[in-house]
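Letter by letter, the sequence shown follows residues 29 to 201 in this note's numbering.
Idealized CB from N, CA, C, for every residue including glycine.
Working notes, beginning with the structure itself.
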Amino acid sequence: LRKEELFSVLKRLAVEDHTESDCLLVMVMTHGDKDVLYAYDGPYSVDRLWENFMGNGCPTLLGKPKLFFVQACRGTAFDKGIKLGCRELDSDCFEPHKYIIPTTADLLVMYSSYKGHVSWRNPRGGSWFIQALCVELETNGPFLELLQLLTAVSRRVAYDYQSNSTAILFGKK
Numbered sequence: 029l030r031k032e033e034l035f036s037v038l039k040r041l042a043v044e045d046h047t048e049s050d051c052l053l054v055m056v057m058t059h060g061d062k063d064v065l066y067a068y069d070g071p072y073s074v075d076r077l078w079e080n081f082m083g084n085g086c087p088t089l090l091g092k093p094k095l096f097f098v099q100a101c102r103g104t105a106f107d108k109g110i111k112l113g114c115r116e117l118d119s120d121c122f123e124p125h126k127y128i129i130p131t132t133a134d135l136l137v138m139y140s141s142y143k144g145h146v147s148w149r150n151p152r153g154g155s156w157f158i159q160a161l162c163v164e165l166e167t168n169g170p171f172l173e174l175l176q177l178l179t180a181v182s183r184r185v186a187y188d189y190q191s192n193s194t195a196i197l198f199g200k201k
């Protein structure tokens with residue numbers, strides 16, 4: 029799509045009545061770089077994807093999760109990976125109570141790669157991120173909460189695929 033076509037589709041989506049919807053999910057698969065994505069006719073700021081859905085911009089989705097999955101490079105750096113030993117990690121849960129919430133409180137954005145890094149795909153199998161997301165949704169979607177599911181996606185990408193910084197694979201990103 030051209031930029032204006034994309035923005036028009038997102039604007040129309042934002043003004044629709046989502047009263048009966050539980051959430052919004054937008055999936056974007058394209059090329060990208062630092063803080064920009066590429067449409068057919070040029071780059072645009074990644075923030076443009078969700079700007080129409082922030083705060084009161086989409087009243088019938090207010091307080092409902094708005095999920096944006098972005099499959100695109102975010103730079104040119106390669107993640108060389110690190111050898112991992114086994115150890116247990118503890119995590120605490122903290123739930124703040126606020127009466128006025130930020131306009132981004134119900135927005136979740138998950139990228140296929142870390143800021144500044146390339147995003148990988150298999151020429152036959154497709155995006156590592158999208159493949160892992162599909163597997164986790166199919167196998168664990170009914171059983172895990174969203175953040176647990178997305179953590180499982182990240183884990184699957186990390187363990188099922190290896191970061192590789194060899195130049196021969198660069199064209200496969």
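Determine the burial state of G202: buried for a count of at least 16 other Cβ atoms within 10 Å of its Cβ, exposed for fewer. Since the first residue shown for the chain is 29 and the last is 201, residue 202 is missing from the structure and cannot be characterised.
Using the DSSP secondary-structure output, state which residues sit across from P71 in a beta bridge. According to DSSP, which records beta bridges pairwise, P71 is partnered with Y66.
So is V181 buried or exposed if we call it buried at 16+ other beta carbons inside 10 Å? buried
Using CA atoms only, rank isn't needed, just tell me which of P130, L172, A100, V37 is closest to S141. The candidate whose alpha carbon is nearest that of S141 is A100.
Within 10 angstroms of its Cβ, does Y139 collect 16 or more other Cβ (buried), or is it exposed? buried
With 8 angstroms set as the bound, which would you pick, yes or no: does the beta-carbon of E164 sit closer than that to a beta-carbon of chain C? The chain labelled as chain C is not found in the depicted structure, where only one protein chain is given.
Which residues in the same chain have their Cβ closer than 7 angstroms to the Cβ of T104, if we skip the five residues on either side of it in sequence? V146
Cβ shell of D50 (< 7 angstroms), same chain only, five flanking positions each side left out: Here the set comprises K92.
How would you label R30, buried or exposed, when you count the other beta carbons within 10 angstroms and need 16 or more for buried? exposed
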